[in-house]
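K.L.:
First, the structure itself, so that you have it in front of you.
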Amino acid sequence: MLFFVMWEAVLVTSVMVIPESAVATSAAARALNIIARTYRAAAGPAFVGVK
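Residue numbering for the sequence shown follows the numbering used here, beginning at 1 and increasing consecutively.
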């Protein structure tokens, strides 16, 4: 569960660090959102027992 929380923090930080271009930020945010959803779908069942 700790790793999952840390991963979420990494995703949020990555979005914030990206230069303040609205286009770049929104495109990167969409990409990270897709990655996050894929990660949750893949790792979700593994964390059911940990929670």
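Ideal Cβ positions, reconstructed from N, Cα and C, are used throughout, including at glycine.
What does the alpha-carbon distance come out to for the pair Arg30 and Leu11?
P.N.:
One C-alpha to the other measures close to 11 Å.
K.L.:
How long is the line joining the alpha carbons of Tyr39 and Glu8, rounded to whole angstroms?
P.N.:
Each residue's alpha carbon lies about 10 Å from the other.
K.L.:
Grab me the residues of Ala36's own chain with a C-beta within less than 6 Å of its C-beta, minus the 5 sequence neighbours each way, in chain order.
P.N.:
The answer, listed in chain order, is Leu11.
K.L.:
Looking only at its own chain, which residues have a Cβ that is under 6 Å from the Cβ of Met6, when we skip the five neighbours before and after it?
P.N.:
Cβ neighbours of Met6 beyond the five flanking positions: none.
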